[in-house]
Amino acid sequence: MSIIADDNDFHNTSAEKNPVTKAETIEFDKNFENCIRPKSFDTYIGQSALKEALQITIEASKKRELPLDHLLFYGPPGLGKTTLAGVIAEQMGAEIKITSAPALERPRDIIGILMSLKGGEILFIDEIHRLNKVAEEILYPAMEDFVLDMTTGKSQTVKTLRIPLPKFTLIGATTKAGALSGPLRDRFGIIHRLEFYTEDELAQVIKRTSGILNIEIDTKGAHAIARRSRGTPRIANRLVKRVSDYALVKHDGKITEDIANLALDILKIDELGLDNTDRNLLKLIIEKYNGGPVGVETIATAIGEDTRTIEDVCEPYLLQAGLLQRTPRGRKVSPSAYCHLGYKKQSNQQTLF
Ligand code: ADE
Numbered sequence: 058m059s060i061i062a063d064d065n066d067f068h069n070t071s072a073e074k075n076p077v078t079k080a081e082t083i084e085f086d087k088n089f090e091n092c093i094r095p096k097s098f099d100t101y102i103g104q105s106a107l108k109e110a111l112q113i114t115i116e117a118s119k120k121r122e123l124p125l126d127h128l129l130f131y132g133p134p135g136l137g138k139t140t141l142a143g144v145i146a147e148q149m150g151a152e153i154k155i156t157s158a159p160a161l162e163r164p165r166d167i168i169g170i171l172m173s174l175k176g177g178e179i180l181f182i183d184e185i186h187r188l189n190k191v192a193e194e195i196l197y198p199a200m201e202d203f204v205l206d207m208t209t210g211k212s213q214t215v216k217t218l219r220i221p222l223p224k225f226t227l228i229g230a231t232t233k234a235g236a237l238s239g240p241l242r243d244r245f246g247i248i249h250r251l252e253f254y255t256e257d258e259l260a261q262v263i264k265r266t267s268g269i270l271n272i273e274i275d276t277k278g279a280h281a282i283a284r285r286s287r288g289t290p291r292i293a294n295r296l297v298k299r300v301s302d303y304a305l306v307k308h309d310g311k312i313t314e315d316i317a318n319l320a321l322d323i324l325k326i327d328e329l330g331l332d333n334t335d336r337n338l339l340k341l342i343i344e345k346y347n348g349g350p351v352g353v354e355t356i357a358t359a360i361g362e363d364t365r366t367i368e369d370v371c372e373p374y375l376l377q378a379g380l381l382q383r384t385p386r387g388r389k390v391s392p393s394a395y396c397h398l399g400y401k402k403q404s405n406q407q408t409l410f
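This is the structure we're talking about:
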């Protein structure tokens with residue numbers, strides 16, 4: 058697996074404020090993630106319907122001796138889109154090149170990568186909804202006909218050059234399927250959504266990671282961490298490390314349910330996995346906007362987060378947990394958010410219990 062280029066700017070603001078639960082992409086975490094990433098479908102936990110569909114697709118493409126159709130994965134960050142791409146490459150016996158759309162700013166970035174591909178190779182583009190128009194247009198004929206259409210010269214002397222490319226598979230990943238342009242979306246033969254993980258699945262991920270890192274953990278300890286991991290393996294894996302630090306410094310190193318709960322309380326991650334940013338967001342809507350609706354930009358400014366982090370990182374889980382609602386007029390908190398944060402909802406205002 059070769060990592061060509063990547064961009065680190067996306068979650069830095071939130072990383073400073075939420076060192077544990079937000080999807081910051083600092084180098085240390087990348088190395089950590091790479092070392093615990095499952096490499097095969099057997100070791101990849103969760104997403105069972107998707108795994109089954111992919112295994113059939115891979116088998117069929119091998120029988121036909123053709124590359125896989127282009128694939129698009131979408132869903133909240135941290136659910137394993139990059140990992141799945143790696144598993145697919147392994148299963149196909151193919152090389153994979155990994156990059157992300159913000160790193161493909163200039164035409165020569167995307168042209169360079171396309172021209173470096175070998176037959177059957179997989180190109181993984183993360184955050185593909187952030188590709189600029191020029192890069193997208195270079196990609197269309199490459200995806201459809203495996204050619205690069207290049208123009209040379211100016212005005213009357215302009216010439217189009219068709220350069221053949223080897224047959225490759227593009228795997229795109231996005232947290233925002235809706236932000237992808239129609240023509241780009243239509244060029245993917247296979248589109249799959251990744252779902253949040255169940256507590257049981259996350260407990261299995263935690264046990265597997267603990268095994269790799271030589272961390273002693275019992276089943277109840279794994280479930281205690283899983284419950285506060287927002288349905289997200291990336292978060293579960295980070296929490297295991299933090300809880301393990303606590304267990305090592307304050308106890309005998311073993312993670313039990315009590316140790317996990319104590320450590321997570323110190324980290325200010327509550328029973329639903331919410332951190333300070335999530336709670337501030339909900340409290341703001343309750344206290345300043347009477348429960349909403351309020352626009353996401355207003356929320357972002359008030360709590361000092363960037364809009365994209367709120368939309369891509371905080372909101373998907375708050376929506377899924379039924380704490381927040383999206384309406385045409387903005388975000389609204391749901392009655393369960395009042396309850397979770399200890400507010401009593403009254404007809405037109407709310408007070409703390
Ligand atoms: N680590 C991160 N995601 C994982 C998954 N789906 N299965 C196993 N380990 C993981």
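Residue numbers for the sequence shown follow this note's numbering, beginning at 58 and rising by one. The beta carbon of each residue, even a glycine, is placed where N, CA and C say it ideally should be.
contact_flag[the segment 319-326, the segment 287-304] where n(CB pairs < 8 Å) is 3 or more: yes
Consider the C-beta atom of Tyr374 and the heavy atoms of the ligand ADE; say whether any pair is separated by less than 7 Å. For the ligand ADE, not one heavy atom lies less than 7 Å from the Cβ of Tyr374.
Check whether the Cβ atoms of Ile195 and Thr226 lie closer than 8 Å to each other. no
List the endpoints of the continuous alpha helix (DSSP H) containing Ile326. First-last for Ile326: undefined, no H or E at that position.
Do Thr255 and the ligand FAD come close, with the Cβ less than 7 Å from some heavy atom? Only the ligand ADE can be found as ligands here, which leaves the ligand FAD out of the picture.
For the segment 217-289, list the beta strand (DSSP E) runs that are entirely contained and at least 3 residues long, ordered along the chain. 226-231, 247-250
Ignoring anything shorter than 3 residues, give me the beta strand (DSSP E) runs that lie fully in the segment 114-180, in order along the chain. Along the segment 114-180, the beta strand (DSSP E) occurs as fully enclosed runs of 3 or more residues at 128-131, 153-157, listed in sequence order.
Using three-state DSSP, classify Thr334 as helix, strand or coil. helix
Hey, out of Arg163, Lys175, Ile185, whose CA is closest to Thr139's CA? Answer by Cα proximity: Ile185.
Tyr101 to Ala160, Cα distance in whole Å? 28 Å
Leaving aside the five residues before and after Arg94 along the sequence, list all residues of the same chain whose C-beta is less than 7 Å from its C-beta, in chain order. Thr140, Gly143
Which residue's Cα is closest to the Cα of Pro290: Pro385, Arg265, Asn88? Arg265
What residue from Leu123, Ala378, Pro373 has the CA that sits closest to Leu329's CA? Ala378
Closer than 7 Å by C-beta to Thr313: which residues in its own chain qualify, once you throw out the five before and the five after it? Chain order, please. Asp275, Lys277, Gly278
Check: Val297 C-beta below 7 Å from any heavy atom of the ligand ADE: no
If contact is defined by three or more beta carbon pairs under 8 Å, each pair taking one atom from either stretch, is the segment 254-264 in contact with the segment 224-241? No, the segment 224-241 does not touch the segment 254-264.
If we count Cβ pairs, one from each stretch, closer than 8 Å, do we get three or more for the segment 102-117 versus the segment 339-346? no
Can you tell me where the beta strand (DSSP E) with Thr384 in it begins and where it stops? Here the beta strand (DSSP E) through Thr384 covers 381-384.
How about Ile272 and Ser301: do their beta carbons lie closer than 8 Å? With respect to the 8 Å criterion, Ile272 and Ser301 are classified as neighbours on the basis of their beta carbons.
What is the DSSP secondary structure of Asp99, reduced to helix, strand or coil? coil
Quick check on this structure: which residue in Phe98, Gln148, Gly135 has the alpha carbon closest to the alpha carbon of Lys119? Gln148
Is Arg287 near the ligand ADE, judged by its Cβ being under 7 Å from some heavy atom? no
With Lys311 as the anchor, note down where its beta strand (DSSP E) starts and where it stops. Where Lys311 is concerned, there is no enclosing beta strand (DSSP E), given that its DSSP letter is neither H nor E.
Arg94, DSSP secondary structure in three states: coil
Which residues DSSP lists as bridging Met200, in chain order: According to DSSP, which records beta bridges pairwise, Met200 is partnered with nothing at all.
Tell me, which residues are paired with Asp206 by DSSP? DSSP, once it has assigned bridges, lists Arg219 as partnering Asp206.
Taking C-alpha atoms, which residue in Leu128, Gly169, Ala158 lies nearest to Ile145? Leu128
Beta-carbon within less than 6 Å of Arg386's beta-carbon, same chain only, minus the 5 sequence neighbours each way: which residues are those? Cβ neighbours of Arg386 beyond the five flanking positions: Pro350.
Compare the Cα-Cα distances from Glu256 to each of His397, Met200, Ala151, Ala283 and report the closest residue. Ala283
Does Lys211 come out as helix, strand or coil in the three-state DSSP assignment? coil
Do you know how far the Cα of Lys190 is from the Cα of Asp64? Legend: pLDDT at Asp64 = 34, less than 50; position of this residue unreliable, no value from coordinates given.
How would you call Ala394, buried or exposed, if buried means at least 16 neighbouring beta carbons within 10 angstroms? By the neighbour-count rule (16 or more Cβ atoms within 10 Å), Ala394 is buried.
Between the alpha carbons of Val304 and Thr358, how many angstroms are there, rounded? For the sequence presented, residue 304 should be read as Ala rather than Val. About 37 Å.
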